[in-house]
Amino acid sequence: LIGVYTNRHGERWELQLKGSGKTPYSRNGDGRAVLRSSVREFLCSEAMHYLGIPTSRAASLVVSDDDVWRDQFYNGNIKKERGAIVLRLAKSWFRIGSLEILAHSGELDLLRRLLDFIIQEHFPSIAMNDSNRYLEFFSTVVSETANLIALWMSVGFAHGVCNTDNFSLLSITLDYGPFGFMDSYDPNFVPNTSDDERRYKIGNQANVGLFNLSKLLQALKPLLDPRQKQLASQILEGYGEHYYSRFTELFKTKLGLLGENENDNYLIAFLLKVSLL
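Structure representation (structure tokens):
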């Protein structure tokens with residue numbers, strides 16, 4: 560993260576460089592990015608924006624003179640590639656994992672301070688003096704995450720690595736790595752060649768979203784009282800209803816279905832099943 564920029568429309572954007580080198584969070588990596596994946600992220604993030612899907616944006620792409628060594632298919636075949644740096648923009652880069660790590664290490668005061676900062680900066684509808692603000696925050700993230708994944712499904716987008724570190728607290732699409740778009744309908748479509756168990760296949764994205772939200776709830780629980788914990792569990796149980804409601808709405812629009820009909824869900828499921836033939 561290199562800074563915050565407010566544009567002429569009053570929109571606040573956090574600027575981040577991808578591929579600029581090692582950071583305190585690079586672990587054993589070199590912090591570099593290759594041109595191939597950088598071009599993919601640049602193009603796809605802009606495409607997703609114009610498809611109406613919440614996403615990070617790409618402001619620029621610079622090709623480096625330095626070479627980067629990568630094993631593209633994780634098969635032991637390391638080769639030299641051109642390096643690149645992408646300037647990425649997002650309203651926030653905080654992820655579910657940002658809260659998980661603090662809860663796991665028992666840094667509850669820091670967890671509370673970070674949550675309050677996120678709510679104050681990015682959730683203006685939630686009052687900071689509301690004792691239920693963390694509950695309201697969780698409810699919003701649950702519904703917006705369901706909406707985001709339904710939007711992914713509506714365009715056949717598979718993220719590829721749907722772990723908690725790649726799930727935004729603002730429910731925007733982050734970290735375009737081994738993503739892909741289906742050419743034809745296949746619920747088992749997996750763009751990530753290293754995902755041997757198909758955990759992140761496109762047909763499982765909604766379930767993985769639920770799993771990640773359960774991890775968010777686990778991170779929030781130390782800050783909730785018993786009543787709030789019970790209510791939060793009920794909110795999480797409503798995730799499926801949020802998702803399928805939005806999924807149905809989007810696919811009805813694609814099919815030109817007007818009004819409400821009890822057979823709408825059946826028709827959508829039938830057409831998707833026929834698409835497999």
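FYI, in my numbering the residues of the sequence shown are 560 to 836. No residue lacks a Cβ here, since even glycine has one placed at the ideal position from N, Cα and C.
What whole-angstrom Cβ distance do residue i and residue j have, given they're in contact under 8 angstroms?
i	j	result
T839	G768	Only positions 560 to 836 of the chain appear in the structure, and residue 839 is not among them; the question remains open.
H801	V701	7 angstroms
R629	E640	5 angstroms
I731	K650	7 angstroms
Y564	L574	6 angstroms
Y744	N751	About 19 angstroms separates the two Cβ atoms, so there is no contact after all.
Q764	H718	7 angstroms
L795	S773	6 angstroms
Under a Cβ-count criterion, where at least 16 other Cβ atoms within 10 Å of its own Cβ denotes burial, should residue i be classed as buried or exposed?
i	result
V833	exposed
L670	buried
Y609	exposed
A617	buried
R654	buried
M607	buried
A686	exposed
A828	exposed
T723	buried
Y798	buried
Y841	Absent from the structure is residue 841, since the part of the chain shown begins at 560 and ends at 836.
E659	buried
D734	buried
N725	buried
E600	buried
L775	buried
Where DSSP assigns a beta bridge to residue i, which residues make up the other side?
i	result
T565	R571
S727	R654
N626	Note on identity: in this sequence residue 626 is Asp, with Asn being the wrong assignment. For D626, which the question treats as bridged, DSSP gives the partners R641.
A592	A643
K577	V645
L620	V645
T614	T732
Whose C-beta lies closer than 8 angstroms to the C-beta of residue i among residues of the same chain, with five residues either side of it excluded?
i	result
S657	L673 and L728
K813	S713
D626	K639, E640, R641 and G642
L694	L783, Q787, L790, A791 and I794
L661	L667, L669, L670, L673 and A778
P781	A662, L667 and L670
Assign residue i to one of three DSSP states: helix, strand, or coil.
i	result
F716	strand
F740	strand
Y515	The requested residue 515 is not part of the displayed model; the chain covers only 560 to 836.
D754	coil
I685	coil
Q787	helix
Y633	coil
G768	helix
S604	helix
G799	helix
F748	coil
L835	coil
T807	helix
L560	coil
E819	coil
E666	coil
P583	coil
S702	helix
S773	helix
S690	coil
By Cβ distance, which residues of its chain are closer than 7 angstroms to residue i, with the 5 residues on each side in sequence left out?
i	result
V643	At residue 643 the sequence reads Ala, which differs from the Val that was named. Around A643: G578, A592, V593, L594, S597, L620, V621, V622 and S623.
F806	A709 and M712
P613	L707, S730, I731 and T732
N824	T807
K811	D823
Kindly list the residues whose CB is nearer than 6 angstroms to the CB of residue i, restricted to its own chain and excluding five residues on each side of it in sequence; keep chain order.
i	result
E666	none
S684	none
G736	G719 and V720
C603	Y735
L830	none
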